[in-house]
Each structure stands twice: as C-alpha cells, then as structure tokens.
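Shown next, in structure tokens, is the structure this report addresses.
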Amino acid sequence: MSRNRIFNIIMIPLGLGLGLWVGWLLLNQAGEAPDYFAQYFVPHPIRDLDTGPMVHWSKAVNVYALGDYVAANAELRAAEQAQELPRVITRFYQGQCLLATGYAREAETLYRKLLQQPAGPHEPMQWYLMLAQVDLGQFQAAREMLAEIISEQGYYAGTAAQLLGELDSGAL
Numbered sequence: 518m519s520r521n522r523i524f525n526i527i528m529i530p531l532g533l534g535l536g537l538w539v540g541w542l543l544l545n546q547a548g549e550a551p552d553y554f555a556q557y558f559v560p561h562p563i564r565d566l567d568t569g570p571m572v573h574w575s576k577a578v579n580v581y582a583l584g585d586y587v588a589a590n591a592e593l594r595a596a597e598q599a600q601e602l603p604r605v606i607t608r609f610y611q612g613q614c615l616l617a618t619g620y621a622r623e624a625e626t627l628y629r630k631l632l633q634q635p636a637g638p639h640e641p642m643q644w645y646l647m648l649a650q651v652d653l654g655q656f657q658a659a660r661e662m663l664a665e666i667i668s669e670q671g672y673y674a675g676t677a678a679q680l681l682g683e684l685d686s687g688a689l
C-alpha cells in the first residue's frame, strides 16, 4: 500500500472525527471559560488501521485515546522505529503527546521540522505549533501563525480567529 494511500486512509477519517469531537467539546464547555490550553488543545483523533501487523501503532492508539500521552509517545517512537507508518504521521502525534505533557519547546521544534516537509497534515501541524508558541509565551509568533491559518481558510480558521482575538485583547 502506498504511503499516500495510508496517509489518506488516516487523515480523512481523522479530520471528520476531529470536527465532531470539537463540536461536542464546544457544546459541553458552555458553562465556565476554561484556560486556553483546555479550550484549544483537542487531541487530533487517532484510530487503528487494518493495514498489517502494527503492534506499536495499535498500542499507541489505545493509550492515546485514554489520555496517557507519555505511554502513547513511547509507543509512537517504537512504531516509528519499526517503520509501521510513515514517519510524518508518527511524529505528528508525538508532537501532540509532547505538548500535552508539558514539553512545549520540544513540540515546537518537532512541528517546525515537520512543516518543512512536503507531506503531512500541514494545517493541524500549524495549529499545534501555534499552541506550543502560546504555551512558551511567544505571542507574536503565535499571532503570525494564527494570521496564516486564518488566511488559508481551512478547518481551523474560525477557531484561529477566536484565539487571535483573545490574544489581541490580552485575555491570555
């Protein structure tokens, strides 16, 4: 199976799942306003694939879904070493695990490297890079990334405009 086919098998359902998940989260956060990370960090959906023996990927899917990002990151590294999936996919999720466990600097470095590659889910990578920048206090860089996300009019454009408004108003 080609890498592009595997990438499409993963990313199309993930994008749809993310939309449903974000909608559910927004409906269920109507009470009090959470901090920016709880409000804007939504783990990108991950699912198991039926493309062959992917032991580490399957384990990563399970622990990631449970929110155990440390264990998920370890399994993703093992999946990368075993070459179970294209490196860009495992690294994309490793970045989220790093970000969710407080390693914003490492996540930022990883997403910068990934964005230099032609393949991969660029808009989600930009989004998580921007969240790392906010976490690191790099508000000007985050504003620039948000402006770029908004100008591309993709999936994250509306949420990016909302977060940019919060940054500009000093709410964060």
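Residue numbers are given in this note's numbering: position 66 of the sequence shown equals residue 583, and the series is strictly consecutive.
Even glycine gets a Cβ: it sits at the ideal position worked out from N, Cα and C.
As the structure is a computational prediction, the values presented were derived from the model and not from experiment.
Of the candidates ALA582, ALA577, ARG622, ALA577 places its Cα closest to the Cα of ASN590. For LEU663, the enclosing alpha helix (DSSP H) begins and ends at 656 to 668. As for any alpha helix (DSSP H) of minimum length 4 sitting wholly inside the region 586 to 655, the runs are 586 to 598, 604 to 617, 621 to 632, 639 to 652, ordered along the chain. Fewer than three pairs of CB atoms, one per stretch, sit closer than 8 angstroms, so the region 621 to 629 makes no contact with the region 662 to 679.
Under the DSSP assignment, LEU583 falls outside any alpha helix (DSSP H); it carries neither an H nor an E label.
GLN650 and HIS573 have their C-alpha atoms some 30 angstroms from each other. Within the model, the alpha-carbon separation for LEU680 versus GLU597 is close to 33 angstroms. DSSP places GLY682 in the uninterrupted alpha helix (DSSP H) bounded by 674 to 686. Residue environment: ARG608 is assigned as buried (16 or more neighbouring CB atoms within 10 Å of its CB, all protein chains considered).
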